[in-house]
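Read left to right, the sequence shown gives residues 2 to 318 (my numbering).
Cβ atoms here follow ideal geometry from the backbone N, Cα and C, with glycine treated the same way.
Since the model is a prediction, treat every value here as computed from it, not as a measurement.
The structure appears right after this line, and notes come after that.
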Amino acid sequence: MSVGIAFGLVLSPMGAAVADPKPTISQAKAKLEKLNDKADKVVDQYNTATERYKKAKSTYVKLNDSYKRKLETVADLRAQVINMAVDSYRLGGDVISLPGLIGAGNPEDFLSRLAVAGQMSQERAQKLAAFDRENRGLKAERDKAQEALEAADRERDGVEKERSEILKLIAEQKKLLKKLGAYNPGNPSSAGIKYTGSASGNAAAVLRFAYAQVGKPYVYGGTGPGGFDCSGLTQAAWQAGGVSLPRTTWQQWAWGADRKVSLDDLQPGDLIFSEGLGHVSIYAGNGEIVHAPQTGDVIKVVQLSDYGRTLAGAVRP
């Protein structure tokens, strides 16, 4: 039976099955909020796993490319050493033969050239050995990077299944909200509203950007420009303020480990974390926040007192 829109059945005194009353908008929204809170955590885990995968893949690709280039260098040096050894052998063959000595215009010069050739061959051989050692170390790093990439891929796949199940439930709730006339699809092209608060400096740029997104839809995994999830909005807004934040709420909280501020000392631009770090918003001043709330809703400005979420802490980028 569908989780999002199914209604429980009860038995009447006569034994007939009777459907529960149709849920109200507030009940549907409350259920949607609980699902979103759960989904926030799972999707954030997925986003974290994806970021880890991207980083592992980037590291692997760089090391693998470097390893390939070193292999080409080693092959070239090896060819040079072999050619030099062959040339030295040929040159030496002429030297130890009587016709070679008799035919040489300047035997001393000939022997000198042979010595130089031998020295060059030895230098190349030493260089080749050094590259071989470096290449073995690089291969070991590349192999470790490949293992990390495979582990990150498995982690992402592991979260994907749970994420897909949550998103199915959210989709059912969206259908219910639409039936109740409470679903807000938002406008990906919304021009937002103007920020007129007291923020200055970087925080002012952050809030101007965030307010300009008001009215755009909440989108899981969204990083703009047509829609955002909660951490996608905070990341993009602070990027506009000249600060590079990590992608997910957990990563942003960890990034701000030495930037924590009291909830009683909030300033415009501060990041407010809630619901076990599953959600993040931006403090706008005057007791207001701007955030991307949940599926079926849009980026909006609300009173912190009406936030309706359990606060976990705040960070000042």
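A contact between stretches requires three or more CB pairs, one per stretch, nearer than 8 Å, and the region 280–287 fails this requirement with the region 48–61. A contact is defined here as three or more CB-CB pairs under 8 Å, and the region 198–205 meets this definition with respect to the region 262–270. Secondary structure at E289: strand, using DSSP grouped into helix, strand and coil. In this structure D265 is exposed. Its beta-carbon is surrounded by fewer than 16 other beta-carbon atoms within 10 angstroms.
Annotation for V207: no beta strand (DSSP E) segment contains it, though the alpha helix (DSSP H) segment containing it runs 202–213.
Judged by pairs of C-beta atoms under 8 Å, the region 253–263 does not touch the region 220–229, as fewer than three such pairs exist.
Annotated as distal: K195 and Y219, with beta-carbon spacing of 8 Å or more. A residue is called buried when at least 16 other Cβ atoms come within 10 angstroms of its Cβ; T311 does not meet this threshold and is exposed. Considering only A29, R137, E148, K42, the residue with the shortest C-alpha distance to K58 is E148. In the displayed model, Y219 falls within a strand according to three-state DSSP. Residues G288, E289 of the same chain have their beta carbon placed closer than 7 Å to that of Q304, with the five preceding and five following residues left out of the count. Between G297 and L33 a beta carbon distance of about 6 Å is seen, short of the 8 Å cut, so the two are scored as contacting.
Residue state for I171 is assigned as helix, using DSSP reduced to three classes. Burial of R157 is indicated by the presence of at least 16 other C-beta atoms within 10 angstroms of its C-beta.
Selection Y308, R164, K55, Q214 evaluated against Y221 yields R164 as nearest (Cα-Cα). According to DSSP, Y284 shares a beta bridge with I290. In the three-state DSSP reduction, G198 falls in the coil class, being neither helix nor strand. Between the alpha carbons of K162 and D144 lies a gap of roughly 28 Å. In the structure shown, L72 adopts helical secondary structure according to DSSP, grouped into three states.
The straight-line gap separating the alpha-carbon atoms of A315 and A183 is approximately 31 Å. Apart from the 5 residues on each side of it in sequence, V215 sits with its Cβ closer than 8 Å to the Cβ of S191, G193, I194, V291, V299, I300, K301, V302 in its chain, given in chain order. DSSP, reduced to helix, strand and coil, places S59 within a helical segment of the structure shown. In the DSSP assignment, A315 forms a beta bridge with V262, I273. T49 carries a helical assignment under DSSP once its states are collapsed to helix, strand and coil. Assigned with DSSP and collapsed to three states, T249 falls in coil, not helix or strand.
Looking at the backbone, the Cα of V62 and that of K55 are separated by about 10 Å.
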